[in-house]
Amino acid sequence: MDLGIAGRWALVCAASKGLGRASAAALAREGVNLVVNARDPDTLVDTAAWLRTLDTSIEVIAVPGDITTASVRETALAAAPQLDILINNAGGPPPGDFRDWTAQDWQRAVNANMITPIELIKACVDDMAARGFGRVVNITSSSVKAPIEALGLSNGARAGLTGFVAGIARQARLAGNNVTINNLLPGSFDTGRLRGNLASEAKGSGKSVEQTAEDRQAKIPAGRFGDPDEFGAFCAFLCSAHAGYLTGQNVLLDGGAYPGTF
Ligand code: NAP
Numbered sequence: 002m003d004l005g006i007a008g009r010w011a012l013v014c015a016a017s018k019g020l021g022r023a024s025a026a027a028l029a030r031e032g033v034n035l036v037v038n039a040r041d042p043d044t045l046v047d048t049a050a051w052l053r054t055l056d057t058s059i060e061v062i063a064v065p066g067d068i069t070t071a072s073v074r075e076t077a078l079a080a081a082p083q084l085d086i087l088i089n090n091a092g093g094p095p096p097g098d099f100r101d102w103t104a105q106d107w108q109r110a111v112n113a114n115m116i117t118p119i120e121l122i123k124a125c126v127d128d129m130a131a132r133g134f135g136r137v138v139n140i141t142s143s144s145v146k147a148p149i150e151a152l153g154l155s156n157g158a159r160a161g162l163t164g165f166v167a168g169i170a171r172q173a174r175l176a177g178n179n180v181t182i183n184n185l186l187p188g189s190f191d192t193g194r195l196r197g198n199l200a201s202e203a204k205g206s207g208k209s210v211e212q213t214a215e216d217r218q219a220k221i222p223a224g225r226f227g228d229p230d231e232f233g234a235f236c237a238f239l240c241s242a243h244a245g246y247l248t249g250q251n252v253l254l255d256g257g258a259y260p261g262t263f
């Protein structure tokens, strides 16, 4: 299927690895020009070079820096001639026990996983509406639907973003001008972050990392972790010309792990 977005411009935040990188790759394969961001400049430059090989006709601009800072957001937004697609993403907060978290830990999590995407949405959706096309996808987490005990910072901060999106996505000024805002909720995808979480879980339980990974996969009806490319392909579809009637939704990609009817 031709997604109908060749030649458009996307900003993909936190895109040098994992789900952000896979989303950028899926958009690149559709001929979308990219602004990609991540903190480590060397990894980001390598990723940008790889993305250019996926479609030699596209432009890929790398903007290194921490997307949770206002100046990096400004630079990233200014790098594209116009923004048609925004993929909000940032590192997830660390696991732990809520008794140990300070107000500063909460502020960091809320800044990364709620305020940063809100600031980026605010900066671009009205221009998208004026041009009659816009797609915003926020990479959140299955923890929004089914909280994960050790990820309280993520459960809380991402729930705030989810509530905000539910309210604004339905504004006639946005939805009525072909601007959609949706959240994509990953379950367990095989990325560096997942491997890091498995390692810390293994340390706590005394099991090996391999055993911890096997046990986790056994609890997923699909019997495996998700492939980041599966995530990227779905993200690109949400950004497509065909997805204009889907807005304000939370789409769970978790191999069937969530047991509810809805
Ligand atoms: P990952 O493999 O660790 O990749 C994270 C990417 O984000 C890297 O490119 C990293 O590059 C970049 N990054 C992190 N913090 C950043 C910041 N402040 N500013 C700019 N770039 C930043 O992680 P992932 O698995 O793709 O996860 C992506 C998001 O999905 C996270 O929020 C995670 O919590 C959430 N999630 C993932 C899963 C899963 O199973 N993988 C499940 C649920 C939720 P630098 O370090 O160089 O900045």
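Sequential numbering of the sequence shown, starting at 2, is according to the working numbering. By construction, the Cβ of each residue, glycine as well, lies at the ideal position given by its N, Cα and C atoms.
For W10, the enclosing beta strand (DSSP E) covers residues W10 to V13.
Distances taken from the Cβ of T44 to the heavy atoms of the ligand NAP include one shorter than 7 Å. The stretch 147-161 makes contact with the stretch 92-105: 3 or more CB pairs, one atom from each, lie closer than 8 Å.
By the Cβ test, the stretch 158-178 is in contact with the stretch 128-145, since at least three Cβ pairs between them sit closer than 8 Å. Just measuring C-alpha positions, the residue of A234, Q108, W107 and L12 sitting nearest V61 is L12. In this structure, C240 places its C-beta atom within 8 Å of the C-beta atom of I6.
The residue among S58, G256 and A160 with its C-alpha nearest the C-alpha of Q218 is G256. Within the stretch 173-212, the complete alpha helix (DSSP H) runs of at least 4 residues fall at 173-176 and 193-206. Nearest neighbour of D67 by Cα position, chosen from L55, S206, L45 and W51, turns out to be L45. For K18, the Cβ falls inside the 7 Å cut-off from some heavy atom of the ligand NAP. For F263, the closest alpha carbon among the candidates E202, K146, E31 and A77 is that of K146.
By the neighbour-count definition (other C-beta atoms within 10 Å, threshold 16), E31 is a buried residue.
Around the beta-carbon of G135, 16 or more other beta-carbon atoms lie within 10 Å, marking it buried. Apart from the 5 residues on each side of it in sequence, T213 sits with its Cβ closer than 6 Å to the Cβ of L199, E202 and A203 in its chain, given in chain order.
Segment contact: the stretch 25-40 against the stretch 105-122, fewer than three CB-CB distances shorter than 8 Å; contact not assigned. Per DSSP, the continuous beta strand (DSSP E) segment holding P65 begins and ends at V61 to P65. Exclusion of the five residues before and after A234 leaves A27 as the residues of its chain whose Cβ lies within less than 7 Å of its Cβ.
According to the DSSP assignment, V137 belongs to the beta strand (DSSP E) that extends over G135 to I140.
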